Amino acid sequence: MSFSETVLKEAATVAAVFPSPDAVMSILVQRVLEQRVFSILDKLLPKPSLSNPIPTEEGGLLQYLRLLAISYEKTQELAKELRTVGCGDLDVEGLAESLFSTHRDEYIELEQASISQLFQAKMMELKGEHPLPIDLPGVAPRGSKVASAAYAHPPMSVGVVTEFIRWNEEAVHRCNILTAQPVPLATNVRAIFTCLLDQVSQYTTEGLERAQDALNEAAALRDRFVIGSSVSRRVAAAAASAAEAAAAAGESSVRAFMVSVQRATTNVAMVQQHFVTSIARLLLPVDGAHAACCEEMATAMSNAEGAALKGLQQCIDTTMAEVDRLLAAEQKLTDYRPPEDGNLPDHRPTSACTRVVAYLARMLEATNSALEGLNKQAFMTELGNRLYKGLLNHWHRFTLSPSGGLRLKRDVSEYAEFVRNFKAPAVDEKFETLGTMVNVFIVAPESLPTLVDGSLRLARKDALRFIQLREDYKTAKIGSKFTTLISE
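Just so you know, we're using my numbering here: the sequence shown kicks off at 33 and counts up by one.
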């Protein structure tokens with residue numbers, strides 16, 4: 033028989049025997065709550081220690097907190113039932129509330145410690161699933177798989193942050209139960225939400241930094257295969273093969289970082305949604321709490337943002353390093369100065385151009401899935417500017433004939449068409465100017481001043497540098513036509 037049933041049975045007897053049943057029932061109900069219920073709660077809820085908490089393997093602090101919330105709800109339900117029997121002026125709910133006073137003294141600290149305990153256990157679990165390598169394997173010139181260098185770091189997961197948020201939602205729900213007054217509730221909820229901010233900030237920042245480490249490792253592998261020209265064919269071939277594998281590792285690390293950025297963005301969005309749906313309204317009773325919490329949210333995510341920006345810069349460096357490698361490996365001297373053998377000119381893009389565009393297309397696909405808005409625009413603009421400068425530096429290594437100039441114009445057209453996918457107006461403008469600038473290799477020497485003073489007047493310095501790459505620059509005495517411009 034339950035407490036309420038027992039008391040109801042006693043109430044019938046008291047009503048029949050005593051002239052003032054409410055006074056008698058008040059004493060009875062008070063004794064039931066203060067003695068029998070308190071005794072049960074004392075056995076059911078031994079107060080845990082913050083300095084020596086219950087191990088996670090034994091249920092952890094969460095087990096105590098869950099039991100505390102359930103016990104509180106059940107005790108309040110009992111108090112409401114007991115009040116119906118008639119207890120005079122006895123504040124039954126207030127008395128029931130007082131039974132939990134000692135448990136509330138450190139409630140919020142226990143809630144925070146529980147969330148921290150869950151976080152630490154989760155991090156240990158993740159490290160167990162993805163043990164870190166003790167050493168990076170050595171890279172041999174032959175037979176090594178550089179592209180699969182041991183990046184055995186636990187990848188960032190949206191599912192893990194979803195779990196963090198689920199813990200937080202449960203803690204906020206429990207806080208609603210155990211904190212009755214709006215102002216203390218707002219204070220406690222803010223403390224609980226701050227735990228989530230710390231967890232997501234740490235997890236996301238470390239995830240981005242691990243992905244950044246993979247970029248660094250790939251860069252180190254790539255730098256290992258920079259060799260001089262005075263080597264045997266066998267050594268050069270082995271180094272070229274290893275460099276291809278290192279390039280594959282670089283591409284993989286860029287893709288992996290972009291995935292990490294995408295997941296980091298999703299993680300932040302989930303935290304913001306949790307704040308809107310579960311936290312914001314509970315902060316309203318305290319002036320300034322909502323604004324302060326928003327500021328804390330921005331501050332907590334700033335470390336992750338810094339790691340993302342640093343890694344994105346490394347992605348650009350890695351991408352451009354591979355562009356430079358492809359150009360050096362694929363571009364032939366005869367591409368832009370073909371032999372005069374009577375064959376029809378080749379109007380296709382050069383092999384180097386085709387391979388660079390194909391590579392950049394893969395990188396663009398990874399970028400499009402990870403970045404959006406102003407972040408994407410800034411990234412694509414920077415990459416486009418770096419590509420433009422890299423191509424200019426590359427082409428300055430060549431001497432061009434008129435037919436080679438036509439081939440270069442075809443390459444420039446291919447690059448310009450591709451970079452339009454960057455949706456970066458400043459980059460488009462540069463490549464459009466470049467398309468006009470390569471005409472300096474095609475027109476007759478006497479037409480060059482008109483071209484430079486006309487459509488290329490805003491890019492005359494770059495145009496003049498290009499003009500010096502013409503194969504007839506010295507024989508046609510082209511330099512004498514631009515003494516004024518060169519002196520500028």
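Glycine included, C-beta positions come from ideal geometry on N, C-alpha and C. As the structure is a prediction and not an experimental result, all values here were calculated from the model.
With distances taken between CB atoms, is the gap from TYR96 to LEU142 smaller than 9 Å? Counted from its first residue, the sequence shown places residue 96 at position 64. Counted from its first residue, the sequence shown places residue 142 at position 110. The answer is yes: Cβ separation under 9 Å.
For ASN200 versus LEU228, is the C-beta distance shorter than 9 Å? In the sequence shown, the residue the question calls residue 200 occupies position 168. In the sequence shown, the residue the question calls residue 228 occupies position 196. Taking 9 Å as the Cβ cut-off, ASN200 and LEU228 qualify as a contacting pair.
Count the other CB atoms, across all protein chains shown, that sit within 10 Å of the CB of ALA360; report buried if there are 16 or more and exposed otherwise. Stepping through the sequence shown from its first residue, residue 360 is reached at position 328. It is exposed - the Cβ of ALA360 has fewer than 16 other Cβ atoms within 10 Å.
Indicate whether the contact test is met: 3 or more Cβ pairs, each with one atom in the stretch 137-154 and one in the stretch 203-217, closer than 8 Å. yes
Considering only their Cβ atoms, is the gap separating CYS119 from VAL193 smaller than 9 Å? If you number the sequence shown from 1, residue 193 lands on position 161. If you number the sequence shown from 1, residue 119 lands on position 87. No; because the gap between Cβ atoms is not below 9 Å, this pair is not in contact.
Contact belief for SER189 with MET333 at Cβ below 8 Å, rounded distance in angstroms: Along the sequence shown, read from residue 1 onward, the residue named residue 189 stands at position 157. Along the sequence shown, read from residue 1 onward, the residue named residue 333 stands at position 301. Not a contact, Cβ separation roughly 17 Å.
Count the other C-beta atoms from every protein chain shown that fall within 10 angstroms of the C-beta of THR507, then say buried if there are 16 or more, exposed otherwise. The residue labelled residue 507 in the question sits at position 475 within the sequence shown. THR507 comes out exposed.
Cutoff 7 Å; reference THR431; Cβ partners in own chain excluding five residues on either side: By 1-based counting over the sequence shown, the position of residue 431 is 399. ARG369, LEU501 and GLU503.
Between GLU31 and LYS112, what straight-line distance do the alpha-carbon atoms span, to the nearest angstrom? Limits of the chain in this structure are 33 at one end and 520 at the other, which puts residue 31 out of reach.
Should LEU490 and ALA339 be called a contact, given that it needs their Cβ atoms to be closer than 9 Å? As a working note, residue 490 is residue 458 in the sequence shown. As a working note, residue 339 is residue 307 in the sequence shown. Taking 9 Å as the Cβ cut-off, LEU490 and ALA339 do not qualify as a contacting pair.
Excluding the 5 residues flanking ALA179 on each side, which residues of the same chain have their C-beta closer than 6 Å to its C-beta? Numbered from its first residue, the sequence shown carries residue 179 at position 147. Confidence is the limiting factor: at ALA179 the pLDDT is only 38, short of 50, which leaves the residue's position unreliable and the question unanswerable from this model.
Do VAL484 and LEU466 count as a contact pair if the criterion is CB distance below 9 Å? For the purposes of this step, residue 466 is taken as the residue at position 434 of the sequence shown. For the purposes of this step, residue 484 is taken as the residue at position 452 of the sequence shown. Contact flag unset, no.
Suppose you measure from the CA of SER146 to the CA of LEU94; what does that come to, to the nearest Å? Here the question's residue 146 lines up with position 114 in the sequence shown. Here the question's residue 94 lines up with position 62 in the sequence shown. For SER146 and LEU94, the distance between alpha carbons rounds to 6 Å.
Going by beta-carbon coordinates alone, are PHE289 and LEU253 separated by less than 9 Å? If you number the sequence shown from 1, residue 289 lands on position 257. If you number the sequence shown from 1, residue 253 lands on position 221. No. Outside cutoff.
Smallest Cα separation from SER285: which of ALA330, LEU344 and ALA323? Mapped onto the sequence shown, residue 285 falls at position 253. Nearest C-alpha to SER285: LEU344.
Among the candidates VAL215, PRO434 and ARG452, whose CA atom is the shortest distance from the CA of LEU419? Within the sequence shown, the letter at position 387 stands for residue 419. Here the closest residue by C-alpha is ARG452.
Starting from the Cα of ASP367, find the closest Cα among ALA353, LYS75 and THR382 and give me that residue. By one-based count along the sequence shown, residue 367 stands at place 335. Looking at the Cα atoms, THR382 is the closest of the given residues.
Rounded C-alpha distance that separates VAL291 from PRO187: Numbered from 1 along the sequence shown, position 259 holds the residue referred to as residue 291. Numbered from 1 along the sequence shown, position 155 holds the residue referred to as residue 187. If you take the alpha carbons of VAL291 and PRO187, they lie about 9 Å apart.
Closest to ARG387 by CA distance: which of GLU362, PRO377, ASN375 and LEU396 is it? Translated into the one-based positions of the sequence shown, residue 387 becomes position 355. When each option's Cα is compared against that of ARG387, the closest is GLU362.
Return the chain-ordered list of same chain residues with a C-beta closer than 8 Å to the C-beta of THR413, the five sequence neighbours on each side being excluded. By 1-based counting over the sequence shown, the position of residue 413 is 381. Closer than 8 Å at the Cβ level, and outside the excluded window around THR413, lie PHE454, ALA456, ALA458 and VAL459.
How many Å lie between ALA330 and LYS106 at the Cα? Here residue 330 refers to the residue found at position 298 of the sequence shown. Here residue 106 refers to the residue found at position 74 of the sequence shown. Each residue's alpha carbon lies about 39 Å from the other.
Where does the unbroken alpha helix (DSSP H) through ALA252 begin, and where does it stop? The residue you call residue 252 lines up with position 220 of the sequence shown. Run containing ALA252: 214-255, per the alpha helix (DSSP H) assignment.
Rounded to whole angstroms, what's the CA-CA distance from LEU480 to LEU438? Just pull it up for me. Numbered from its first residue, the sequence shown carries residue 480 at position 448. Numbered from its first residue, the sequence shown carries residue 438 at position 406. Each residue's alpha carbon lies about 16 Å from the other.
Using only alpha-carbon positions, find the residue among MET352, ALA448, ARG295 and VAL64 that is nearest to LEU110. The residue given as residue 110 occupies position 78 in the sequence shown. Out of MET352, ALA448, ARG295 and VAL64, VAL64 has the C-alpha closest to the C-alpha of LEU110.
One question on the structure: do CYS325 and LEU316 come within less than 9 Å of each other, judged by their Cβ atoms? By one-based count along the sequence shown, residue 325 stands at place 293. By one-based count along the sequence shown, residue 316 stands at place 284. In this structure, LEU316 does not lie closer than 9 Å to CYS325 by Cβ.
Residues near TYR505 by beta carbon distance below 6 Å, same chain, minus five either side: Walking along the sequence shown from the start, residue 505 turns up at place 473. Contacts found: none.
Going by C-alpha distance, which of GLU449, GLU464, TYR447 and ILE510 is nearest ALA476? Taking the sequence shown and counting its residues from 1, the one referred to as residue 476 is at position 444. Nearest C-alpha to ALA476: ILE510.
Could you check the C-alpha separation between ARG394 and ALA101 for me, to the nearest Å? Translated into the one-based positions of the sequence shown, residue 394 becomes position 362. Translated into the one-based positions of the sequence shown, residue 101 becomes position 69. Straight-line Cα distance between these residues: approximately 53 Å.
From GLY416 to THR351, what does the alpha carbon distance come to, in whole angstroms? If you number the sequence shown from 1, residue 416 lands on position 384. If you number the sequence shown from 1, residue 351 lands on position 319. Each residue's Cα considered, the two are about 11 Å apart.
How many angstroms separate the CA atom of ASP319 from the CA atom of GLU397? Translated into the one-based positions of the sequence shown, residue 319 becomes position 287. Translated into the one-based positions of the sequence shown, residue 397 becomes position 365. Rounded to the nearest angstrom, the two C-alpha atoms are 46 Å apart.
Determine the DSSP secondary structure at LEU122, reduced to helix, strand or coil. On the sequence shown, position 90 is the one that residue 122 refers to. Coil at LEU122, not helix or strand.
Would you mind listing the alpha helix (DSSP H) stretches within the stretch 378-462 that are 4+ residues and don't spill past its ends, in chain order? 383-402, 405-427 and 434-451
Give the secondary structure of ARG555 by DSSP, where H, G and I count as helix, E and B as strand, and everything else as coil. There is simply no residue 555 to check, as the chain begins at 33 and stops at 520 in what is shown.
Find out if the Cβ-Cβ distance for the pair ALA384, LEU406 is shorter than 9 Å. On the sequence shown, residue 384 is found 352 positions in, with the first residue counted as 1. On the sequence shown, residue 406 is found 374 positions in, with the first residue counted as 1. Not a contact, by the Cβ cut-off of 9 Å.
Alpha carbon of ALA223 to alpha carbon of GLU446, nearest angstrom: On the sequence shown, residue 223 is found 191 positions in, with the first residue counted as 1. On the sequence shown, residue 446 is found 414 positions in, with the first residue counted as 1. Approximately 56 Å between the Cα atoms of the pair.
In the DSSP assignment, what residue or residues form a beta bridge with ARG502? By one-based count along the sequence shown, residue 502 stands at place 470. In DSSP, ARG502 forms a bridge with LEU432.
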